[in-house]
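Read the structure below first, then the notes.
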Amino acid sequence: MVVVNSFAQTTSLAQQFDMPHEIIERHRRLVASSPAHLDEIVVHLRDQWHALVRTDNLLGPRFAIVGVLNQIAVIEELGAGLRGQRRLEIVRLGAQYAESAAWLYEDSGNIAQARYWTSRAMELAHEGDDERMLAWTIFRRSQQAATALDVAQAIGLAQAARRHDERLATPTRAAIRVQEAYGHALDGNERAANTLLDAAHTWAASDAAGDAHEGHGSYCTPSYIEIQRANCWLKTGKPDKAIALYEDAIRTLPVVYQRSRAAALSRLAAAYVATGQIEQAAGTAHEALPVARNGGSTRIVDEVKDLGRQLAPHRTLQRVAALLDDLADGEP
Numbered sequence: 022m023v024v025v026n027s028f029a030q031t032t033s034l035a036q037q038f039d040m041p042h043e044i045i046e047r048h049r050r051l052v053a054s055s056p057a058h059l060d061e062i063v064v065h066l067r068d069q070w071h072a073l074v075r076t077d078n079l080l081g082p083r084f085a086i087v088g089v090l091n092q093i094a095v096i097e098e099l100g101a102g103l104r105g106q107r108r109l110e111i112v113r114l115g116a117q118y119a120e121s122a123a124w125l126y127e128d129s130g131n132i133a134q135a136r137y138w139t140s141r142a143m144e145l146a147h148e149g150d151d152e153r154m155l156a157w158t159i160f161r162r163s164q165q166a167a168t169a170l171d172v173a174q175a176i177g178l179a180q181a182a183r184r185h186d187e188r189l190a191t192p193t194r195a196a197i198r199v200q201e202a203y204g205h206a207l208d209g210n211e212r213a214a215n216t217l218l219d220a221a222h223t224w225a226a227s228d229a230a231g232d233a234h235e236g237h238g239s240y241c242t243p244s245y246i247e248i249q250r251a252n253c254w255l256k257t258g259k260p261d262k263a264i265a266l267y268e269d270a271i272r273t274l275p276v277v278y279q280r281s282r283a284a285a286l287s288r289l290a291a292a293y294v295a296t297g298q299i300e301q302a303a304g305t306a307h308e309a310l311p312v313a314r315n316g317g318s319t320r321i322v323d324e325v326k327d328l329g330r331q332l333a334p335h336r337t338l339q340r341v342a343a344l345l346d347d348l349a350d351g352e353p
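Just so we're aligned, residue 22 is where the sequence shown starts under my numbering, counting upward by one.
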C-alpha cells in the first residue's frame, strides 16, 4: 500500500516558497508493496517530471512547486529502502527533481533554497554517477554566479560544464554555450559571446511542447538563443541591436514558454528605456507583468519594478502611469 501525506493540502503556496527542507520532510511516508509496484511508481515519477516542466513553462513556479516537492518526498522515501542498481536509478531521478526545485525557488526569488537544492542535485548526480546531470548542475551554478555578477566564475563554471561535451544531450550543449556567452557579455567580450551563440544553433532544440523530452536544455530553441543574443547586446551597451532581435524572436517563441516570453518582454522594455522610447518601454513592461506576477516569477516582477523606478519621472505619460499604478496595486 502507498500512503503519501499531501504537502499541497496542508501548506499554503506562500509557506511553501519559504519552508526549509527539514519541515517538508515531515509531510510524507510511502511504502511500495512489491518490486512491480516500485517500477510503476518510477515510471509515474518520470512522466510527472515532464508534466511539471510543462506546468512551469506554461504557468510558472507558483503552480509547479507543489508537485515537485511532493515527488521529491516520494523519491526520498523510496531511496531510503533501496540498495545497489535500484537505488542508483531513483537517486538519478532525485537529482533531476532537486534541480527542478532549485530553478523554481530561484525564479520565485528564494535564493537560499535555490542554492540548497542545486547542491542537493549535485550530490545526487555524483552518487548516481550521472555525468549529464552533474554537468547540468554546474551549468546552473554558472547561472547563479552570473546573477551575482561573479563574471569569472560564471564563465569558468560554464566551461567546466561542457568539459565532456560529447557525452551531453544536444540541447544541453546549446544551453551551456548560451550561458557561457552571457558570461562573456558581462565581461565585455562581444566577439566571444557571439561566437558561442552561433555555435549554440548547431544543437538548438525543437521542443514546442515545453516538457523537456529532448533532455535538459530543451527550452533552448532557435528563438530562445536569439533572445539570449539580445540579452548579450543589452549587457554590452548595444540596445539598438538588442531591440530588433527581441522583437523578432518573441514573435517566434513557442507559445508554451510563457515565462520566457515575459522575461524577454521585460528586457525588451529595458532596451527601449536605454534608447529613450519611454512609452514603448512602459507598454512592454506592462505586458510582461501579469504573466510574471500570476506565475510567481519574483525574478521578472523585480525586473519590471526596477523599470518602473526608471520610468517614474515620466509619470505624466499615460502608459507610464498605467504601469506604475498596476505596480502600486500589486504591493502588499
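Just so you know, even glycine gets a beta-carbon here, dropped at the ideal spot from N, CA and C.
Across the set ARG113, ALA306 and VAL74, the C-alpha of ALA306 shows the shortest separation from the C-alpha of ALA283. With fewer than 16 other CB atoms across the displayed protein chains lying within 10 angstroms of its CB, ALA349 is exposed. By the criterion of at least three beta-carbon pairs nearer than 8 Å, the segment 122-130 is in contact with the segment 81-90. Closest by C-alpha distance to GLY231, out of ARG75, VAL64, TRP70 and GLN92, is ARG75. Within 10 angstroms of the beta-carbon of THR223 lie fewer than 16 other beta-carbons, which makes it exposed. For SER163, the closest of ALA135, ILE299 and GLU308 by C-alpha to C-alpha distance is ALA135. Counting only residues of its own chain and dropping the five nearest sequence neighbours on each side, ALA182 has a CB closer than 6 Å to the CB of ALA156, ILE159, PHE160 and ILE197. Annotation for VAL87: the continuous alpha helix (DSSP H) segment containing it runs 82-101. Straight through space, the alpha carbons of ASN315 and GLN301 are spaced by roughly 23 Å. Rounded to the nearest angstrom, the gap between the Cα atoms of LEU125 and PRO275 is 20 Å.
Setting aside the 5 residues that flank it on each side, GLU187 has no residue in the same chain whose C-beta is closer than 7 Å to its C-beta. In the DSSP assignment, LEU289 falls within the alpha helix (DSSP H) that extends over 279-295. For a cut-off of 8 Å, the C-beta gap from HIS234 to HIS335 is around 45 Å, too long to register as a contact. Beta-carbon to beta-carbon, GLN249 and ALA173 are separated by about 20 Å, too far to satisfy the 8 Å threshold. Put simply, of LEU332, LEU266, GLN200 and LEU286 the residue whose alpha carbon is nearest the alpha carbon of ALA220 is GLN200. Within the segment 55-84, complete alpha helix (DSSP H) segments of at least 4 residues are found at 56-80, given in chain order. Taking the CA atoms as reference points, GLU97 sits about 13 Å from GLN117. Excluding sequence positions up to five before and after LEU217, its CB lies within less than 6 Å of the CB of ARG198, GLU201 and ALA202, all in the same chain and listed in chain order. Within the same chain, ALA119 come within 6 Å of ARG141 by CB-CB distance, once the 5 residues on both sides are set aside. Restricting attention to alpha helix (DSSP H) runs no shorter than 4 residues, the segment 164-251 encloses them at 172-182, 191-207 and 211-221, ordered along the chain. Exposure of LEU338 is indicated by the presence of fewer than 16 other C-beta atoms within 10 angstroms of its C-beta. GLN92 and GLY115 have their C-alpha atoms spaced approximately 9 Å apart. Taking a C-beta distance under 8 Å as the contact criterion, ILE264 and TYR245 do not qualify as a contact pair.
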